[in-house]
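To start, the structure itself, in structure tokens.
In my numbering, the protein residues as written are 52 to 363.
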């Protein structure tokens, strides 16, 4: 993972990398959870999410297992992976509620008035122990990429961006400028205003989906915490490693979201962890304006990536 505060007054981004044991059955094995969280209005929500998403995901997976007697986590089927995806969605929604409850307990009288606009995006990946399957979830404009021999089995929500050759799969960013999000926001009683800072939900927020707004008057129905998800599997026989990468929007400061797929493709072209680390640092330098200028980024930036060995 490579991170920079940039020229911001504070670092408002956090990440998590945790083992998640799914199941009490003999087939139970440790899955991997990766997540990045881009806070706004302060670091509190992103910090809370990074700390507690692993706990909430474990709880939601255990609840799911109690209602699905046929789960096989050694060789998961699409239905098994769908259970994991829905548990990840549920964990993120639970975090949304728990964070607001946490904040209210710290405010005299328990009111959400004076909350400000503190919240966080969320991008997460749950990796199966077999190295062949991944479940991806995202809220907001932080993004996840799967590079290499991946195939999308199922997606719910906005369709992911897939390169022409199928080698790069990137989640769709939730933005107030997205026509589908504008339609959803207006149907929920909100509005999107275009000003000198770009599109803003209710004239204030630059993200259309995020954690941190459950029960907050004026925003709880329009800035939702319903994540899109992707279920993907790797094809055997390529003989090359595969890449899983997560990035906050500050990583794309110079290339824009339109250049995200190409950036991830460059990262996926390397073959060793050492080369990957060096290229990640170079990409964050570029986001700041050039060689050695990572710290000049106008935004915080976090890039988390891992290489998976070839599938035999």
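For glycine and all other residues, C-beta sits at the position ideal for the given N, C-alpha and C.
Item: Whole-Å CB distance - residue 304 paired with residue 338, under 8 Å assumed; Value: 4 Å
Item: Element boundaries [beta strand (DSSP E), containing residue 188]; Value: 184-190
Item: Residues that DSSP places opposite residue 353 in a beta bridge; Value: 54
Item: Span of the alpha helix (DSSP H) around residue 325; Value: 324-339
Item: Helix, strand or coil at residue 225 according to DSSP, with G and I counted as helix; Value: coil
Item: Buried/exposed call for residue 146, threshold 16 Cβ in 10 Å; Value: buried
Item: Alpha carbon of residue 52 to alpha carbon of residue 355, nearest angstrom; Value: 4 Å
Item: Alpha helix (DSSP H) segment containing residue 99, residue limits; Value: 95-117
Item: Residue range of the beta strand (DSSP E) that includes residue 61; Value: First-last for residue 61: undefined, no H or E at that position.
Item: Contact check, residue 194 vs residue 142, beta carbons under 9 Å; Value: no
Item: Residues of its chain near residue 298, where Cβ-Cβ distance is below 6 Å and the 5 sequence neighbours each way are ignored; Value: 194 and 354
Item: Spatial neighbours of residue 360 in its chain, beta-carbon cut-off 7 Å, leaving aside the 5 residues before and after; Value: 182 and 292
Item: Bridge-paired residues (DSSP) for residue 359; Value: 293
Item: Local Cβ density within 10 Å of residue 287, reported as buried at 16 or more and exposed below that; Value: exposed
Item: Proximity winner among 82, 71 and 92, relative to residue 64 (alpha-carbon distances); Value: 92
Item: Distance CB(residue 225)-CB(residue 271) smaller than 9 Å; Value: no
Item: Integer Cβ distance of residue 57 from residue 348, believed to fall under 8 Å; Value: 3 Å
Item: Stretch-stretch touch, CB-based, cutoff 8 Å, three pairs: the stretch 85-104 with the stretch 255-269; Value: yes
Item: Beta carbon of residue 178 nearer than 9 Å to that of residue 83; Value: yes
Item: Residues that residue 144 bridges to, as DSSP identifies them; Value: Partner(s): none; residue 144 has no beta bridge.
Item: Segment limits, alpha helix (DSSP H) that includes residue 235; Value: 230-238
Item: Selection from 186, 357, 330 and 140 that minimises the alpha carbon distance to residue 202; Value: 186
Item: Distance CB(residue 85)-CB(residue 295) smaller than 9 Å; Value: yes
Item: Rounded straight-line distance, which links the Cα of residue 169 to that of residue 161; Value: Unreliable positioning characterises residue 161 in this predicted model, as indicated by a pLDDT of 49, which lies under 50. The coordinate reading is nonetheless provided below. The alpha-carbon atoms of residue 161 and residue 169 are separated by roughly 16 Å.
Item: For residue 118, the nearest candidate out of 107, 131, 106 and 324 (CA to CA); Value: 131
Item: Distance, residue 61 Cα to residue 240 Cα; Value: 33 Å
Item: Three-way DSSP call (helix, strand, coil) for residue 88 in this model; Value: strand
Item: N- and C-terminal bounds of the beta strand (DSSP E) containing residue 205; Value: 201-207
Item: Among 134, 336 and 206, the one whose alpha carbon lies nearest that of residue 281; Value: 206
Item: C-alpha distance - residue 151 paired with residue 316, whole-angstrom precision; Value: 37 Å
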